[in-house]
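Just below is one structure, and these are the notes that go with it.
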Amino acid sequence: ELGRLGLNDVVPVSRNAWSQNPVFEGSSLMWIEPGKPVTVAELERGIVISSGNDATVAIAEHIAGSEAAFVDLMNRYAEEMGLSGTHFENSHGLPHPEHLSTARDLAVTAAAAIRDHPERYAVYKEQSYTYNDITQYNRNHLLREDDSVDGLKTGYTSVAGYGLVASAKREGMRLISVVMGSSSPSSRKSETRSLLNYGFRFYETATPLRGGAELAQGRVWKGRASQVALGVITDVVLTLPRSAAKITPTIEIDAPLIAPLRVGDVVGRVVLTRAGESVGEATLEVLEAVEPAGFLARLWDTIVLWFQQLLG
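Take the sequence shown: its letters are residues 6 to 317, numbered as in our numbering.
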């Protein structure tokens, strides 16, 4: 999503984006037409609900000027997101030898969509959409069978088979599942249901570190205060296999804490372990500001630090 993109923007439909383009033959379409006005909001539903390959080209051309330029943009974002197994060759996902992705990369992309654009996520749960007097139904049949499922996207090509990236939320915990290469729509649905049921049964979400809560006091040098509260600025949330074992934080400070210090300064890390095994880590951050001390106090701390370093 780019800042200049508005839901009510009118998007021109080129012949490349026209539903009659031979590239789209036999694939799912929104049925847009050259010369007929269509908005970004309509295209969004045409992509998410109707799986309109024509709509993806129209929005790509609107954002980047051409589908090729938009593909470059997609690949740039994929690199920034760490999607090492993903490479795009087109906007719609129809077969190309170099158009590739992985289950992990699809899950990361889905998580980003949910996290970064919550105001638009409700579209993924809509079960039908009518455009050009044609009503099409969301191919994610779990939306009609499981109230906890609220997204995300189906896919199919003769090369890749049937796929479904789904998300569900039960008792405050959200899971994302990815199924690729299924033999039929019913198979991808049942495989997705099994994955989600397994995840909710055997995993749990915990918040071992609360944002703003003090984990430790750190010794401050050259500051008006001799101690500072350390912790994490935002909650640290982990989804882990269910266990009665407690999650324990261990604090590691990188270097002496020298004023001035600002809220949010990263000064080390917090390693989280359970039953002796590492289950995650977070940056250790300063929770309160510390201003520099006066000249004499700073001089004294400089001398003390020098002797400490000298003595090892």
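Backbone N, C-alpha and C define an ideal beta-carbon position, used for all residues, glycine too. Small disclaimer: the values here were computed from a predicted structure and weren't measured.
Measuring only the C-alpha atoms, how far is residue i from residue j?
| i | j | result |
| --- | --- | --- |
| I119 | L105 | 22 angstroms |
| T239 | G217 | 7 angstroms |
| G98 | Y203 | 29 angstroms |
| S172 | G57 | 21 angstroms |
| A83 | A117 | 11 angstroms |
| L169 | E131 | 16 angstroms |
| T288 | G269 | 10 angstroms |
| L245 | A211 | 8 angstroms |
| G281 | R193 | 37 angstroms |
| Y129 | D155 | 7 angstroms |
| L243 | H101 | 37 angstroms |
| N95 | R206 | 38 angstroms |
| E286 | N137 | 51 angstroms |
| V295 | H146 | 56 angstroms |
| G223 | E72 | 53 angstroms |
| E257 | I263 | 16 angstroms |
| Q141 | S191 | 18 angstroms |
| G31 | L10 | 30 angstroms |
With DSSP collapsed to three states, give me the class of residue i.
| i | result |
| --- | --- |
| A117 | helix |
| P123 | coil |
| V164 | coil |
| G98 | coil |
| R279 | strand |
| I258 | strand |
| P297 | strand |
| L266 | strand |
| G285 | strand |
| T91 | coil |
| L316 | helix |
| L12 | coil |
Looking at C-alpha atoms only, which residue of the options is the closest neighbour of residue i?
| i | options | result |
| --- | --- | --- |
| S182 | S231, L243 and T107 | T107 |
| E49 | H67, L245 and R229 | H67 |
| L277 | G236, V53 and I263 | G236 |
| T197 | E150, S231 and V225 | E150 |
| L266 | V233, S188 and L214 | V233 |
| G70 | Q141, G87, Q25 and P17 | P17 |
| V53 | A250, V15, D77 and S133 | S133 |
| R144 | A65, D138, Y126 and Y161 | Y161 |
| L178 | G40, L88, Y126 and Y208 | A small correction: the amino acid at residue 178 is Met; Leu does not occupy that position in the sequence shown. Among G40, L88, Y126 and Y208, the Cα nearest to that of M178 belongs to Y208. |
| D14 | V43, A127 and S153 | V43 |
| F300 | V113, V271 and K227 | K227 |
| L220 | E293, G11, D77 and W36 | E293 |
| M185 | T140, K174 and R109 | R109 |
| S248 | G40, G90, T114 and V284 | V284 |
| L88 | Y126, E103 and L111 | L111 |
| D306 | T255, V241 and A230 | A230 |
Residue i bridges to which residues according to DSSP?
| i | result |
| --- | --- |
| E290 | G236 and V271 |
| A65 | The partner list for A65 (beta bridge, DSSP) is empty, contrary to what the question assumes. |
| F187 | Just to set this straight, residue 187 is Ser in the shown sequence, not Phe. Y167, per the DSSP bridge assignment. |
| L105 | H92 |
Under 9 angstroms between C-beta atoms, does residue i make it to chain D?
| i | result |
| --- | --- |
| Q313 | No chain D is present in this structure, which holds just one protein chain. |
With a threshold of 8 angstroms, establish whether the CB of residue i neighbours any heavy atom of the ligand GDP.
| i | result |
| --- | --- |
| V309 | No copy of the ligand GDP appears in this structure; indeed no ligand is present at all. |
- Whole alpha helix (DSSP H) runs in the segment 190-253 with 4 or more residues, listed along the chain? Scanning the segment 190-253 from its first residue to its last, the whole alpha helix (DSSP H) runs of 4-plus residues come out as 190-207.
- Item | Length at least 3, wholly inside the segment 125-184: the beta strand (DSSP E) runs in chain order | Complete beta strand (DSSP E) runs here, min 3: 133-136, 139-142, 154-162 and 166-175.
- Item | Length at least 4, wholly inside the segment 15-88: the alpha helix (DSSP H) runs in chain order | Secondary structure within the segment 15-88: the alpha helix (DSSP H) runs of 4 or more consecutive residues, fully enclosed, are 45-53, 58-69 and 72-85 (chain order).
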